[in-house]
């Protein structure tokens, strides 16, 4: 027993366990389920029933078996390589779009620490910068896939992806500088902790959405573009360039791209929640229990951690849902309009936000 | 098909400008129709388009009818409409298949852009060549199609030979293509 | 030709302006509608218009032109007199009839062969209109005849008669009322399966 | 927004790209060979004919009534309008009078068809720019209307409903019972479409000022219907050359001002609302009476006559064996189809088969003008513009 506890205190072992639990147990699971839920939710929006045919005998689980059916089907399909493709790049490209979406989770805290145990895979002190570095890597998957496919549509998709992601990163970063300034740190766990401080004598939490409302809209828009979701999905706009950069892929590699898209939705939601919606924080819940207007309710640390994890997961799922509903509500921009929006509207706005934030901080300091 | 007692205004106007160009006319079912001589066809059409009392600015339809066994064999039928004046006219012109000018007719695509595709379709279906047409090639059928299917002597059950499979260049080496070789860089004219 | 009436023209209004340039009002307005549909359909399914097809079937019109059937007389003999009207009028040329006589001369003329190739049929209903004897009808309400073999679509005379023939032949008087869809459907699908 | 005749940027090679024939967003199967400079289209060549079925040849070898099922398959989103146009042409050839009730019935079903055509087109325009949801709602609304026509004709799409001298059958009572409820539902769906798209800047940006064709060029290209009206020319055959009972009904002709995709969208939308109002008026005005006036040359007598009298039976046999035999002559009859002037040019030689049966397809002109509309626009605009012209393969290529 002691030996097991000893082993558990080794940081590497802890990290491996966290990776298994967080990434495999949460991110991958949610990403996979989202592939089905997107279809179910969109059919609800569109007055349809949605997929419900995959079955084992009489059991369909209202379509739940489609996840298994899709997985099995994509694994069993032939993995084609088009003629004239750059074979090596073609085969590894899906991984490039897959890993960045997963790597982000290294710095996302799921719950507040209990003693020395943190619910975060690693708490590097440049967490936000790390998130940026990693999400911008996502462009490689698309560009390499599109370039290596030897297909003009795929190439167009790849070019669109690269320019879109590079452009939107600019104001994405700028919009977050406000957050750095308000909380005075780039360490993700600190930012989340600081979002549990309050205005007006413990009444309104200092969540990012309240301290930086404009930055939230800018950031969320930019993140939609980074995840290549509608209204910014020209890289794969099916009515123009069919499926864009992953047009030629089939079988398991195709589903890797698809899964990467959904995992990046989860990642986008998690980052948004972490930075703007208090991360795992529940308003007025402190490590020792609830405190509001003089009333208080003491809770054991394990319960607090569980509540916090639950809150983080719920918020993330709500954002995943919102992103999917937005997709089925809005048309998509044309490519030049995306660029216009990014450079001519979002960038000045984020700069203005920066200036205003700086002024407010200067005056209130 | 009795000739009307009174010549309708459009026909009268055309006859006034080009005496002898209108070889026949009728007003069956209220559709005013003139048949014009082939050599005057383009001139009459230009008049119909530009004359201030006619102003046929909308070319509605161009087609042909194959009267197999009669001479001239084909009749190209053009339907015109004037949006400002509201009248319609059907212009017919006979196209024979004998002589040096067999199955040819001057194009009217210079007058109405719309005629471009209609003439291509007419060429496709009847084999009537429109002289001066900018891009007279088959429209609905494929290039290797033999014959013109709407001619009356084209049997409805006739089967065309299958288009031969064209070889696909396997594994074209894009990395090592020779850009000085014209066949590699040449582009199909659009 | 009727005289032309003066048209009243209405110029359509193009939208634009500052509020629209903001993006957000329209996005929120759009989300309101999609969310209304979403919650209604998730909670009560009240807006869902699709059906789970093979299990549920939609109501079809009593005039629905489904698979053909050949009607029979009161004594159970086929009504068709092999006059070739339907074969002549069929635009798809999918009916094939060969006429014959009963040896005992009890029936002057009847179809020895009456085949319909349902794969060629365009379900236009002209055969029904052209029949002077009310011998062919398309009121079976069968719209799905899916099969994996071509040959199953060649419906012969007996199959076309059986499709509606119930055990009690008196249910079909000389001018039979159209079968309701509910009556026609289960029986004919059973026949197809069997 | 149009960038034409610009020099290639940075001396880059132009890229030739084939859009279609099999492209997920192609409405029919049409091939657009385009040349791109970056994302800008510099040259387009349109190739059609993938859906050519030899309609005219087929007609020349069929009797007059056998052509009616073929016309169902011309513009397959508004088949009844084709039925009506063809029947009117043949009736003009015969000199037949159609009973008033049948004319009203044709107007009602024709307008339902027009709504379903415009619903498809506008929905598809939404889908082209990514608003899939609106498309599916519009298709849902179209389904309501198809169920109505099914109630009358017995088929959802391949109606084969009109005959020479009337209609195959009368409007049943159940039709009138369902009609108002269905129209209300369609109006509700249209209202939702308005809320989703009409004020949405993303959508407006995609359709405004793209695919512009001026009024003069549009007339030059022979445009008719909503495409022409979007440029500002109020040419509507229902008013310009009235047929059926349109003179007894009030409606407005919507026209646009610029002639871009957006105007086409708005004109089609407004036309749907006008059609709904036409249907309401026609339902209020529809007289009692027969749905079919028999003429022994044209089509079958009533069934009671066939069963009851030898003359009726002889007429019946004769018209089927010989076909309908109109007098010799030629006739052109145009109606306002879903896309514009849908004309039928018939030449009769006095036999039971049309000597020539020509269809004047409205969207033929639109597709021929496609290069002019596309050049200078972005790749992303190709499909929305293509969607706005409402190309229907069956009608285009016959």
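Chains as they are written, first to last, in our numbering: chain A, 357 to 721; chain B, 38 to 227; chain C, 85 to 278; chain D, 31 to 428.
Ideal placement from N, C-alpha and C gives every residue a C-beta, glycine not left out.
In terms of Cα proximity to residue 705 (chain A), the closest of A:447, A:569, A:450 and A:498 is A:569. Assignment of beta strand (DSSP E) within the segment 556-593 of chain A, counting only whole runs of 3 or more residues, yields no such run.
In the structure shown, the three-state DSSP call for residue 182 (chain C) is strand. Under the 8 Å criterion on CB atoms, residue 110 (chain C) is classed as interfacial with respect to chain D.
Counting along the chain, the unbroken beta strand (DSSP E) around residue 195 (chain C) starts and ends at 194-201. Taking C-beta atoms under 8 Å as the contact rule, residue 213 (chain D) and residue 164 (chain D) fail to qualify, at a distance of about 19 Å. In this structure, residue 711 (chain A) sits away from residue 122 (chain C), with a CB-CB distance that is not shorter than 8 Å. One alpha carbon belongs to residue 480 (chain A), the other to residue 490 (chain A), and they sit about 14 Å apart. Counting only Cβ-Cβ distances below 8 Å, residue 686 (chain A) has contacts in chain C at 111 and 114, in chain order.
For residue 404 (chain A), the C-beta contacts it makes with chain C under 7 Å involve 132 and 134, in order along the chain. With fewer than 16 other Cβ atoms inside 10 Å of its own Cβ, residue 130 (chain C) counts as exposed. For residue 387 (chain D), the pairing in a beta bridge is given by DSSP as D:376. The DSSP-derived three-state label of residue 107 (chain D) is coil. Contacts with chain C at 8 Å (Cβ-Cβ) include residue 185 (chain D). Rounded to the nearest whole angstrom, the CA to CA distance from residue 133 (chain D) to residue 276 (chain D) is 9 Å. Per DSSP, reduced to three states, the secondary structure at residue 189 (chain B) is coil, with no helix or strand assignment. Per DSSP, the beta-bridge partners of residue 554 (chain A) are A:561.
Here the alpha carbon of residue 169 (chain C) sits roughly 33 Å from the alpha carbon of residue 391 (chain D).
By the C-beta criterion, the segment 72-81 of chain D is judged to be in contact with the segment 48-61 of chain D, since at least 3 inter-stretch pairs fall below 8 Å.
Shortest Cα-Cα distance from residue 646 (chain A) to any of A:559, A:584 and A:611 involves A:559.
DSSP, reduced to helix, strand and coil, places residue 411 (chain A) outside both helices and strands of the structure shown, so it counts as coil.
The C-beta of residue 201 (chain C) comes no closer than 8 Å to any C-beta of chain D. Measuring C-alpha to C-alpha distances from residue 225 (chain D) to each of C:182, C:99, C:191 and C:231 identifies C:99 as the nearest. Going by beta carbons, residue 600 (chain A) and residue 593 (chain A) fall inside the 8 Å limit. Residue environment: residue 194 (chain B) is assigned as exposed (fewer than 16 neighbouring CB atoms within 10 Å of its CB, all protein chains considered). Listed by position along chain D, the residues whose Cβ is nearer than 8 Å to that of residue 587 (chain A) are 160 and 232. Residues of chain A with a Cβ closer than 7 Å to the Cβ of residue 102 (chain C) do not exist, since the nearest Cβ in that chain sits about 14 Å away. Interface residue (Cβ-Cβ distance to chain A less than 8 Å): residue 191 (chain D) is not classified as such. Chain D has no Cβ within less than 8 Å of the Cβ of residue 171 (chain C). Here residue 160 (chain B) is actually not in contact with residue 119 (chain B); their C-beta atoms are around 27 Å apart, not less than 8 Å. For residue 106 (chain C), the closest Cβ of chain A is not nearer than 8 Å. At a C-beta separation below 8 Å, residue 96 (chain B) has these neighbours in chain D: 252. Counting only the Cα atoms, residue 45 (chain D) lies some 8 Å from residue 68 (chain D). Along the segment 106-122 of chain D, none of the residues has a CB nearer than 7 Å to a CB of chain C. For the segment 116-133 of chain B, the set of residues with a beta-carbon nearer than 7 Å to any beta-carbon of chain D comprises 116, 120, 123 and 127, in chain order. Residue 137 (chain B) is outside the set of residues whose beta carbon lies under 8 Å from a beta carbon in chain D.
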